[in-house]
Amino acid sequence: MTHSTTVSLVLGSGGARGLSHIGVIQWLTENGYEIRSIAGSSMGALVGGIFAAGKLQIYAEWVLALERMQVVRMLDPAFGRPGLFKGERIMAVLREMIGDFAIEDLPISFTAVATDLASGEEVWLREGKLFDAIRASIAIPLIFTPFEYRGRKLVDGGLVNPVPVAPTLSDTSELTVAVNLSGPVEWRPSAPPSEPVPDGKTYRNRIRAFIDRLQLSRAPAARPGGMIDVALASMETMQNLIARLKLAAYSPDIKVEIPRNACGFYEFWRAEELIALGRERTAQAFAAVGV
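In structure tokens form, the structure reads like this:
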């Protein structure tokens with residue numbers, strides 16, 4: 068009987084770039100690696116939690132069919148709240164599609180990382196409802212409202228730990244594989260132009276225009292313009308620095324790097340190329356260390 072190499076998998080934060088985590092997981096499982104535990108921040112928590120629940124194929128098929136306007140329709144405005152969107156609609160869609168689970172009952176050890184808004188502490192969510200932990204971990208400041216969890220207001224885990232290796236340090240797995248979504252900028256062709264916005268449904272069109280403004284350009288020379296652009300670009304800059312520091316402090320056995328300009332922050336309709344990118348970069352990372 069062939070021995071499977073056991074892996075602790077660390078999935079980083081980075082918006083739609085996190086769809087590349089699907090490709091990373093696909094490559095690992097197809098090449099005989101057994102994922103024993105997962106720690107994730109933000110989008111890494113979402114993809115990692117769904118995989119831990121055994122439902123990644125269902126999610127992958129869904130995102131591969133996702134179109135631009137479907138992303139817009141899942142954004143529920145949070146009027147008068149500390150965030151532009153409530154995040155309840157997308158969570159409802161995921162719960163209906165995936166089902167909800169208790170983290171402690173999952174077949175794979177799972178940690179979602181969030182940030183306590185009051186204290187600034189890093190919070191490891193290892194029990195309770197899976198999608199509550201995911202919702203807390205993806206609560207990007209300004210974009211999604213903070214999540215109330217057991218008396219604490221939690222926001223995006225990427226603020227304090229974009230590549231959370233630390234929760235895996237006590238694991239007995241043979242390899243620790245970390246996926247950093249803040250890799251070096253690479254030149255990539257421009258995204259195709261947006262399809263025309265139909266007349267009517269003015270509010271939805273305004274949301275769509277807002278999404279357009281959120282796109283962090285893939286061209287290294289481009290500069291952010293509007294207020295939200297500047298806020299998101301600033302957060303990305305901070306996370307890129309923290310990611311480098313964390314990876315220096317807790318060096319994984321294998322580091323998979325996804326270029327930080329691989330796609331715009333909210334380009335979730337580009338799943339096919341991002342999944343392919345995750346597979347490609349994982350294969351390269353393993354080949355580089357001869358594992």
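Okay, so the sequence shown: first residue is 68 according to my numbering, each after it adds one.
Yeah, the Cβ is synthetic: ideal placement off N, Cα and C, and Gly gets one too.
Runs of beta strand (DSSP E) lying entirely within the region 106 to 185, each at least 3 residues, in chain order: With a minimum length of 3 residues, the continuous beta strand (DSSP E) runs that stay inside the region 106 to 185 are 176 to 183.
For Asp223, three-class secondary structure by DSSP: Three-state result, Asp223: strand.
Option in Val230, Phe168 and Glu134 with minimal Cα separation from Leu314: Ranking Val230, Phe168 and Glu134 by Cα distance to Leu314 puts Val230 first.
Simplified DSSP assignment, three categories, for Asn98: It is coil, neither helix nor strand.
From Val190, Arg193 and Arg202, residue whose alpha carbon lies closest to that of Leu161: The option with the nearest alpha carbon to Leu161 is Arg202.
Terminal residues of the alpha helix (DSSP H) in which Leu344 lies: Start and end: Ala338 to Val356.
Val74 versus Ile321, Glu340 and Cys330, residue with shortest Cα-Cα distance: For Val74, the closest alpha carbon among the candidates Ile321, Glu340 and Cys330 is that of Ile321.
Residues near Ser176 by beta carbon distance below 6 Å, same chain, minus five either side: Cβ neighbours of Ser176 within its own chain (closer than 6 Å, five residues either side excluded): Ser104.
Boundaries of the alpha helix (DSSP H) in which Ser204 is found, first to last residue: Leu197 to Ser204 is the extent of the alpha helix (DSSP H) around Ser204.
Residue range of the unbroken beta strand (DSSP E) whose run includes Glu194: For Glu194, no beta strand (DSSP E) run applies, since DSSP gives it neither H nor E.
Three-way DSSP call (helix, strand, coil) for Thr72 in this model: Three-state result, Thr72: strand.
Three-way DSSP call (helix, strand, coil) for Glu303 in this model: Looking at Glu303 - three-state DSSP - the assignment turns out to be helix.
Residue nearest to Ile210 in terms of C-alpha spacing, selected from Val222, Asp199, Ala200 and Arg217: Measuring from the Cα of Ile210, the nearest candidate turns out to be Val222.
C-alpha gap between Pro213 and Ile207, whole angstroms: Spanning the two alpha carbons is a distance of roughly 8 Å.
Among Asp172, Leu184 and Asp183, nearest to Arg193 - alpha-carbon criterion: Of Asp172, Leu184 and Asp183, the residue nearest in Cα terms is Asp172.
Among Leu133, Val91 and Tyr126, the one whose alpha carbon lies nearest that of Arg337: The shortest C-alpha separation from Arg337 is found at Leu133.
First and last residue of the uninterrupted beta strand (DSSP E) at Ser249: Residue range Leu242 to Gly250 is occupied by the beta strand (DSSP E) that includes Ser249.
Burial state of Pro174 (16 or more Cβ within 10 Å): Burial state of Pro174 is exposed, judged by a 10 Å Cβ sphere holding fewer than 16 other Cβ atoms.
Gly107 beta carbon less than 8 Å from that of Leu412: This structure cannot settle anything about residue 412, because the visible part of the chain is limited to 68 through 358.
Neighbourhood of Ala185 by C-beta, 8 Å cutoff - its chain only, sequence neighbours within 5 removed: Cβ neighbours of Ala185 beyond the five flanking positions: Arg219 and Lys220.
Glu215 versus Gly357: straight-line alpha-carbon distance, rounded: Rounded to the nearest whole angstrom, the C-alpha separation of Glu215 and Gly357 is 45 Å.
Enclosing beta strand (DSSP E) for Pro231 [first to last residue]: No residue range can be given for Pro231, since it is assigned to no beta strand (DSSP E) and is classified by DSSP as neither H nor E.
Nearest-angstrom Cα separation, counted from Gly99 out to Thr72: Their Cα atoms are separated by approximately 7 Å.
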